[in-house]
Amino acid sequence: MKILIIPDVHGNWTETIKFIEDNKGSVDKVVTLGDYVDDFDEKLNGENMINGFKKLCELKRAEPEKFNICIGNHDLSYISNPHVSGHHWEYALDYRKMFFDNIDIMDIIVKIDDWYFSHAGVSEKWYNFFVKGAEKNNKGNYFRIIPAEEWEEVKGDPVKEMNKLFHSGFFKLFDYCSEAGDWGDGNSPLQGPLWIRPPSLIPVSLFDKQVIGHTETYLKEPIPVLSKEGKTIVLTDTRGHDNYIVLDTENPWETIPFEELNKFVKKRMKEINDEKSREGQKKKNAEKN
């Protein structure tokens with residue numbers, strides 16, 4: 156199966172929508188990983204964000220089996236607590252309405268084949284403490300609000316459990332966890348699937364294969380990391396928010412051992428910079444001639 160992955164958009168809607176429309180016919184699924192709003196380039200905020208997200212939702216409603224829309228921490232901040240940097244209070248009511256109007260087609264996490272997709276990834280420690288721990292303390296009825304028969308339908312399936320909690324209005328469960336002790340950067344294994352950072356996620360990944368956005372890298376390519384526990388976490392977000400990736404589940408990427416990640420990134424950065432230098436020199440030589 157071929158899956159088109161769209162990491163954090165953050166306002167880069169014109170390019171993103173065009174890419175999706177041009178390429179959706181050549182893949183089986185499209186998964187977007189959240190953070191559809193907020194950019195430090197102010198001209199991208201407001202109407203551009205609203206129109207872009209609405210177009211994505213139109214595509215999802217037209218082809219519901221093909222499109223999967225995950226929520227990000229920047230998106231959640233407009234329907235729950237605003238913990239993110241770059242929160243746009245001047246558009247908060249418009250964004251809040253936009254997300255609530257389409258919350259029925261958004262999820263925390265999506266599973267396709269044996270791959271799991273979410274904004275930041277799911278930590279086993281977070282899941283066991285906040286989901287299973289709360290379930291146990293409330294005798295199987297989550298916070299005694301979700302009807303017991305409804306929880307029984309999803310119980311034991313982490314994907315269905317998390318999405319059920321989200322759609323039941325437990326937004327704060329997925330907010331930034333101020334008790335995690337990470338000084339606000341998300342680097343704690345107790346942070347949730349919209350906030351955790353890769354160094355904390357990789358050793359405690361709940362699933363064997365996760366694809367995440369949230370944390371920017373300098374490489375415009377997927378970075379598939381292999382943990383010591385034998386689990387794969389694919390990093391996809393970039394600083395330009397223009398990294399569109401196709402995962403072929405029958406022929407996935409070769410993984411990089413976690414302990415060699417920094418070395419790999421430095422090597423790839425050098426290769427990219429060297430190539431840019433060669434191209435620049437070629438251009439100068441051509442101009443001289």
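Quick note: the sequence shown, position 57, residue 212 per the working numbering, numbers continuous. The C-beta atom is built at its ideal place from N, Cα and C for all residues, glycine as well. Computed from a predicted structure; not experimentally measured.
Residue range Thr387 to Leu390 is occupied by the beta strand (DSSP E) that includes Thr387, with no alpha helix (DSSP H) assigned at that position. When beta bridges are read from the DSSP output, Lys184 appears opposite Ile158. Considered as a whole, the segment 199-270 harbours 222-225 and 264-267 as its complete beta strand (DSSP E) runs of no fewer than 3 residues, in chain order. The beta carbon of Asp230 is closer than 7 Å to those of Gly189, Asp190, Tyr191, Val192 and Phe254 in its chain, skipping five residues each way along the sequence. In the three-state reduction of the DSSP assignment, Ile357 falls in the helix class.
Counting other Cβ atoms within 10 Å of its Cβ, Gln365 reaches 16 or more and is therefore classed as buried. Look at the segment 297-369 and you find these whole runs of beta strand (DSSP E), each 3 residues long or longer: 364-367. Between the alpha carbons of Val420 and Glu371 lies a distance of about 13 Å. Bounds of any beta strand (DSSP E) do not take in Leu374, whose DSSP letter is neither H nor E. In this structure, Ile400 and Ile367 do not form a Cβ contact; the two beta carbons are roughly 12 Å apart against a cut-off of 8 Å.
Distance from the CA of Phe208 to the CA of Arg251, rounded to the nearest whole angstrom, comes to 12 Å. Residue environment for Ser333: exposed (fewer than 16 other C-beta atoms within 10 angstroms of its C-beta). Secondary structure in the segment 382-424: the beta strand (DSSP E) runs of 3 residues or longer, each lying completely within the stretch, are 387-390 and 400-403 in chain order. The straight-line gap separating the alpha-carbon atoms of Leu248 and Tyr233 is approximately 8 Å. According to DSSP, Ser273 shares a beta bridge with Ile264 and Ile367. Gly435 and Ile427 have their C-alpha atoms some 12 Å from each other. With 16 or more other Cβ atoms from the protein chains shown falling within 10 Å of its own Cβ, Trp168 counts as buried. Between Leu349 and Asn228, the C-beta gap is smaller than 8 Å, which places the two residues in contact. In terms of CA proximity to Gly336, Leu345 leads the group Leu345, Leu328, Asp256 and Phe329.
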